[in-house]
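First up is the structure itself, then whatever we jot down about it.
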Amino acid sequence: MIEIEGLRKQFGSVTAVSDLSLRIPRGGVFGLLGPNGSGKTTTIGLMLGLIRPSAGSIRLFGQDVSAAHQQALRRIGAMVESPAFYPDLSGRANLRFFQGIGPSRGGKSVNELLELVGLAARANSKFRTYSLGMKQRLGIAYALLGDPELVFLDEPTNGLDPSGMAEVRELIERLAKAGHTIVLSSHLMNEVEQVCQDVAILSRGQIIAQGKVQDLLQLQGTVRLKTTADERAAQILGALDWVSAVRSEGGYLIASASPDRAGDLTRALAQQDVYVTEMVPQRVSLEKFFLQVTAQQPDAAATRQ
Amino acid sequence: MSRIFTVCRWEWFKLQRRRMPWILLAILFAFSQLSIWGGYASYAFAAARGGQVLVPTTPTNPGRPRMVSCNALEQDAGSVLPADSSPQVVTSLAMQCQVQKASLATRYQVFAPAGSVTLTLSVAAGLGIILLGILSASVVGIEYGLGTLRPILTRGTGRLPWLAGKYLMLVGVTTAALLLVCAAAAGSGALAGKIAPPPPDGPNLLAISWSSLGISFVKTWGALLAFVTMAGAVTLLVRSTAVGMAISLGYYIGEGILIRLLSIAFDWIDKVGNYLPMRNISTLASFRTNIAAAVNINANGISALHASLVVAAYAIGLAAIAAVVFRRRDVVGAVGS
Numbered sequence: 000m001i002e003i004e005g006l007r008k009q010f011g012s013v014t015a016v017s018d019l020s021l022r023i024p025r026g027g028v029f030g031l032l033g034p035n036g037s038g039k040t041t042t043i044g045l046m047l048g049l050i051r052p053s054a055g056s057i058r059l060f061g062q063d064v065s066a067a068h069q070q071a072l073r074r075i076g077a078m079v080e081s082p083a084f085y086p087d088l089s090g091r092a093n094l095r096f097f098q099g100i101g102p103s104r105g106g107k108s109v110n111e112l113l114e115l116v117g118l119a120a121r122a123n124s125k126f127r128t129y130s131l132g133m134k135q136r137l138g139i140a141y142a143l144l145g146d147p148e149l150v151f152l153d154e155p156t157n158g159l160d161p162s163g164m165a166e167v168r169e170l171i172e173r174l175a176k177a178g179h180t181i182v183l184s185s186h187l188m189n190e191v192e193q194v195c196q197d198v199a200i201l202s203r204g205q206i207i208a209q210g211k212v213q214d215l216l217q218l219q220g221t222v223r224l225k226t227t228a229d230e231r232a233a234q235i236l237g238a239l240d241w242v243s244a245v246r247s248e249g250g251y252l253i254a255s256a257s258p259d260r261a262g263d264l265t266r267a268l269a270q271q272d273v274y275v276t277e278m279v280p281q282r283v284s285l286e287k288f289f290l291q292v293t294a295q296q297p298d299a300a301a302t303r304q
Numbered sequence: 000m001s002r003i004f005t006v007c008r009w010e011w012f013k014l015q016r017r018r019m020p021w022i023l024l025a026i027l028f029a030f031s032q033l034s035i036w037g038g039y040a041s042y043a044f045a046a047a048r049g050g051q052v053l054v055p056t057t058p059t060n061p062g063r064p065r066m067v068s069c070n071a072l073e074q075d076a077g078s079v080l081p082a083d084s085s086p087q088v089v090t091s092l093a094m095q096c097q098v099q100k101a102s103l104a105t106r107y108q109v110f111a112p113a114g115s116v117t118l119t120l121s122v123a124a125g126l127g128i129i130l131l132g133i134l135s136a137s138v139v140g141i142e143y144g145l146g147t148l149r150p151i152l153t154r155g156t157g158r159l160p161w162l163a164g165k166y167l168m169l170v171g172v173t174t175a176a177l178l179l180v181c182a183a184a185a186g187s188g189a190l191a192g193k194i195a196p197p198p199p200d201g202p203n204l205l206a207i208s209w210s211s212l213g214i215s216f217v218k219t220w221g222a223l224l225a226f227v228t229m230a231g232a233v234t235l236l237v238r239s240t241a242v243g244m245a246i247s248l249g250y251y252i253g254e255g256i257l258i259r260l261l262s263i264a265f266d267w268i269d270k271v272g273n274y275l276p277m278r279n280i281s282t283l284a285s286f287r288t289n290i291a292a293a294v295n296i297n298a299n300g301i302s303a304l305h306a307s308l309v310v311a312a313y314a315i316g317l318a319a320i321a322a323v324v325f326r327r328r329d330v331v332g333a334v335g336s
């Protein structure tokens with residue numbers, strides 16, 4: 000659905016996005032993960048044509064956006080950065096305005112969208128009286144105007160309380176099930192881990208990891224075990240090509256391998272007459288994975304100049 | 000084209016819900032009406048008393064000079080004037096009263112329907128330009144101030160149709176506002192003309208023809224649109240309502256002052272002024288009572304055609320530059336710098 004090749008954006012001496020290549024498949028929820036200032040919003044801005052790229056190409060729905068940008072935008076809904084609306088208009092009037100200026104594409108009515116995001120009761124209140132959470136909800140409703148195939152949500156749970164965040168996550172999952180492709184930008188690892196199937200991690204304008212969430216996490220998983228002969232076990236495991244490292248820690252062996260391969264690991268040891276007495280497969284969280292991969296990045300100043 | 004009209008329609012949807020345009024319209028309306036009813040009050044007062052003259056002091060009647068109505072003077076000059084008033088003073092006062100009575104016909108025309116529209120066009124050409132400059136900067140700059148440019152552009156409207164739609168809405172609002180205040184002025188003028196005492200026979204120095212009024216309306220309308228376009232373009236270039244407003248209105252006021260100051264030192268500067276926007280806008284918006292004067296050379300030595308061409312060149316040029324820059328410009332928030 001989205002293909003990006005060699006994308007670069009320079010703001011004066013600052014390289015906001017550098018040599019970014021990305022493929023976002025149709026359907027599901029794609030997470031764009033990164034710390035603040037990593038280039039997530041700039042990347043979305045480039046995809047939406049708000050920002051002109053310094054180099055590289057972007058294809059949306061199979062078409063180069065430099066040639067057919069307006070057509071592509073008609074199939075897209077987006078909430079970029081903080082939700083910005085007219086303070087003197089009500090939530091309903093704001094949505095009517097944005098529905099009016101855009102191309103007519105059908106989809107849910109303004110009232111249905113307000114109902115969907117839980118703002119029906121305050122639909123006639125002026126936007127300036129809304130709480131941050133209500134503003135976010137209106138932003139999501141705005142992004143869903145016209146039943147878009149592709150929806151960009153930039154930090155949609157900012158300012159929401161835990162129950163509000165859970166509701167938004169549920170809504171995103173519902174939208175994905177209904178056939179929308181969602182691109183979710185966030186710095187909240189837990190959020191991305193819970194709702195995204197695919198993820199790209201940005202740091203200092205570059206993609207440092209990309210793939211299925213489960214695959215990425217398994218790559219960083221470990222298996223903690225005790226055996227009848229730990230030294231011999233370490234040698235056997237170290238020789239396996241799907242175990243990237245083995246170390247001893249607190250009386251346990253820690254094998255860097257996918258937790259899903261715990262059975263294979265037991266079998267490999269048993270074949271050499273070493274038996275497992277205790278084993279705990281350990282998955283890493285996306286947060287831990289993120290911290291590991293971003294820690295490997297060079298100094299910020301070196302990449303951004 | 001349909002997208003431009005769609006944007007125009009929804010921009011109006013948004014604007015009509017703001018208080019600011021109604022306040023600006025109310026100010027224009029109030030000043031227009033004040034000038035009409037002020038003219039009526041002044042005429043009614045003068046007509047009731049036949050004018051007023053200042054009676055000077057004499058040796059037998061010292062103190063301060065006092066105002067005396069011409070009607071009283073005509074009816075019984077002896078009781079109104081000091082006994083030792085010289086014949087020259089009496090003759091002079093009688094002549095002053097005659098002049099004032101003769102001017103009543105002209106003063107009546109100031110608030111009569113055609114005159115009231117003329118007054119309103121003058122208000123629009125002066126105060127109206129400032130008010131429309133504020134409106135234009137606000138309409139164009141609001142998206143930058145609120146950060147709503149991103150959601151607008153991601154709706155797939157297109158940058159140039161969006162800009163053209165905004166301008167079209169401003170043209171419509173300017174036209175409607177001008178027509179509205181002129182219609183109200185004509186109504187007030189008709190009412191004032193009915194309730195005012197009829198003017199005595201006398202020369203009407205303000206003989207306004209409806210055709211010259213039409214030309215003046217079109218010229219004032221053109222001048223207002225040119226300024227609206229320029230203020231909008233400047234706001235778009237600087238990406239701020241406040242800065243756009245300050246530059247537009249500052250220039251509107253400052254151009255004349257600067258030219259006048261510089262022309263003290265350099266004679267040729269005054270000629271340069273003939274090619275600057277504000278002098279030409281003022282020329283275009285200035286009222287002439289007959290067709291010949293309306294289309295011919297004015298006090299600055301600038302013809303209406305010259306003024307039209309210069310104003311159009313500035314308005315179109317600035318709008319084109321702003322459109323090109325806006326089309327190519329990044330719409331960014333934080334860039335992580």
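Protein chains in written order, with numbering that gives the first Met the number 0: chain L, 0 to 304; chain U, 0 to 336. Using N, Cα and C, we set each Cβ at its ideal position, and we do this for glycine too.
Check	Outcome
Count the other CB atoms within 10 Å of the CB of residue 166 of chain U; is the residue buried (16 or more) or exposed (fewer)?	buried
Can you list, in chain order, the residues of its chain with a C-beta nearer than 7 Å to that of residue 142 of chain U? Leave out the 5 residues immediately preceding and following it.	148 and 151
If you measure beta-carbon to beta-carbon, which residues of the region 132 to 160 of chain U are closer than 7 Å to chain L?	145, 146, 147, 149, 150, 151, 152, 153, 154, 155, 156 and 157
Taking C-beta pairs closer than 7 Å, name the residues in chain U that residue 141 of chain L reaches, listed in chain order.	150
What does a CB cutoff of less than 6 Å around residue 22 of chain L pick up in its chain, not counting 5 residues either side in sequence?	2
Quick one, are the C-beta atoms of residue 88 of chain U and residue 67 of chain U less than 7 Å apart?	no
Which class does residue 277 of chain L belong to by DSSP, given the choice of helix, strand or coil?	strand
Alpha carbon to alpha carbon, how far is residue 156 of chain L from residue 126 of chain U? Give it in angstroms, no decimals.	48 Å
Using a Cβ cut-off of 7 Å, pull out every chain U residue sitting near residue 251 of chain L, in sequence order please.	By Cβ distance, chain U contributes nothing, its closest Cβ being about 42 Å from residue 251 of chain L, past 7 Å.
At the level of alpha carbons, what is the spacing between residue 231 of chain U and residue 185 of chain L?	37 Å
What are the boundary residues of the beta strand (DSSP E) that includes residue 265 of chain U?	Careful: residue 265 of chain U lies outside any beta strand (DSSP E) and carries neither H nor E.
Indicate whether residue 9 of chain U and residue 75 of chain L have their beta-carbon atoms separated by less than 7 Å.	no
Going straight from the alpha carbon of residue 83 of chain U to that of residue 39 of chain U, what length do you get?	37 Å
Cβ of residue 329 of chain U less than 7 Å from any chain L Cβ?	yes
Decide if the region 7 to 27 of chain L is in contact with the region 52 to 64 of chain L; the criterion is three or more beta carbon pairs, one per stretch, under 8 Å apart.	yes
Do you know how far the Cα of residue 259 of chain L is from the Cα of residue 199 of chain L?	23 Å
In whole angstroms, what is the alpha-carbon distance linking residue 261 of chain L and residue 247 of chain L?	17 Å
In whole angstroms, what is the alpha-carbon distance linking residue 275 of chain L and residue 267 of chain L?	10 Å
Which of helix, strand or coil does DSSP assign to residue 53 of chain L?	coil
Going by alpha carbons, who is nearest to residue 84 of chain L out of L:128, L:19 and L:284?	L:128
Go through its chain and collect everything with a Cβ distance to residue 185 of chain U's Cβ below 7 Å, but skip five positions before and after it.	112, 115 and 116
Measuring CB to CB, does residue 219 of chain U end up less than 7 Å from residue 314 of chain U?	no
Under 8 Å Cβ-Cβ, which residues of chain U neighbour residue 73 of chain L?	155
Looking at the secondary structure, which residues open and close the alpha helix (DSSP H) in which residue 207 of chain U lies?	Residue 207 of chain U -> no alpha helix (DSSP H), and no H or E assigned at all.
Please list the partners that residue 305 of chain L has in chain U, where partner means a Cβ-to-Cβ separation under 7 Å.	Residue 305 of chain L lies beyond the range of chain L shown here (0 to 304); nothing can be said about it.
At 3 residues or longer, and completely inside the region 153 to 178 of chain U: list those beta strand (DSSP E) runs for me, N to C.	none
For the region 0 to 62 of chain U, list the beta strand (DSSP E) runs that are entirely contained and at least 3 residues long, ordered along the chain.	51 to 54
Tell me, which residues are paired with residue 30 of chain L by DSSP?	L:183 and L:198
Residue 74 of chain L by DSSP, collapsed to three states: which one?	coil
Within 10 angstroms of its Cβ, does residue 151 of chain L collect 16 or more other Cβ (buried), or is it exposed?	buried
Compute the distance between the beta-carbons of residue 286 of chain L and residue 188 of chain L, then report whether it is under 7 Å.	yes
Can you give me the start and stop residues for the beta strand (DSSP E) that residue 253 of chain L sits inside?	251 to 255
Please check if any C-beta of chain L sits within less than 7 Å of the C-beta of residue 337 of chain U.	There is no way to answer for residue 337 of chain U, as the model of chain U reaches only from 0 to 336.
In the DSSP assignment, what are the bridge partners of residue 210 of chain L?	L:198
As a quick exercise: from U:44, U:12 and U:21, pick the residue whose alpha carbon is nearest that of residue 195 of chain U.	U:44
Inspect the beta-carbon positions of residue 140 of chain L and residue 116 of chain L and report whether they are closer than 7 Å.	yes
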